Amino acid sequence: MAEKLFGGLTQLMVSTLPQARLLTLLGDCRKKQIMAITEDKRSKSPDSKFLSDKMGTESVGKGGLQYAGGKTDNQDIKAKEKEFVKTYISDLSKEATVVDRKMSSLRQVWPQILTEMVYSAVIDMQDRKTYMKQCMDDFEKG
Numbered sequence: 115m116a117e118k119l120f121g122g123l124t125q126l127m128v129s130t131l132p133q134a135r136l137l138t139l140l141g142d143c144r145k146k147q148i149m150a151i152t153e154d155k156r157s158k159s160p161d162s163k164f165l166s167d168k169m170g171t172e173s174v175g176k177g178g179l180q181y182a183g184g185k186t187d188n189q190d191i192k193a194k195e196k197e198f199v200k201t202y203i204s205d206l207s208k209e210a211t212v213v214d215r216k217m218s219s220l221r222q223v224w225p226q227i228l229t230e231m232v233y234s235a236v237i238d239m240q241d242r243k244t245y246m247k248q249c250m251d252d253f254e255k256g
C-alpha cells in the first residue's frame with residue numbers, strides 16, 4: 115500500500131533533490147553504507163566526473179528511500195500523485211469534521227465546566243488558613 119501511495123513521490127524526490135540533501139535525510143549508519151557503494155562504483159567507472167556524480171546521486175537516492183519503482187512514464191506518476199492528493203484531502207476533511215464536532219461539544223459543555231471550577235475554587239478558599247495549609251502541604255509533597 116505504501117509503495118502504491120508513495121512510489122511516485124519517491125521517484126520525484128530522487129530526481130529533484132541534490133545528493134547532499136539526500137545524505138542529510140539518511141541516518142549515519144546508512145549514510146556510510148551508501149557512500150561506500152558510491153565510491154566503489156566511482157572507482158570502477160573510468161567515465162567522466164559528471165557521469166560518476168550522476169550515478170552516485172542516483173545510488174544514494176535509491177538506497178536511502180528503499181523503494182524506487184521501475185521506470186514509469188510521466189502520466190503514471192501524475193496519476194499516482196492525484197490519487198495520493200485525493201486520499202490526503204479526504205483524510206484531512208474527515209479529521210476536520212471530527213475536530214469540529216468535538217469543538218461544538220466543548221462549546222456546549224464549557225459554561226457548565228467553568229461554573230463548576232469557579233464554584234469549587236470558592237468553596238476551597240472559604241477557610242483561608244486551611245486552604246493555605248493545604249496548598250503548602252501539596253507544595254512540599256511535590
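Here our numbering = 1-based position in the sequence shown + 114.
We treat Cβ as the ideally placed atom computed from N, Cα and C, and that holds for glycine.
Every value quoted in this text rests on a predicted model; they were computed, and no experiment measured them.
DSSP state of residue i mapped onto helix, strand, coil
i, result
"M239", "coil"
"G256", "coil"
"D214", "helix"
"D187", "coil"
"K168", "Low confidence applies here, because K168 scores a pLDDT of 49, under 50, leaving its location unreliable; read the following figure in that light. If DSSP states are grouped into helix, strand and coil, K168 belongs with the helices."
Proximity below 9 Å, CB of residue i to CB of residue j
i, j, result
"I203", "Q125", "no"
"K194", "L119", "yes"
"M239", "Y245", "yes"
"F198", "G122", "yes"
From the options, residue whose alpha carbon lies closest to that of residue i
i, options, result
"N188", "V223, T201, R215, S129", "S129"
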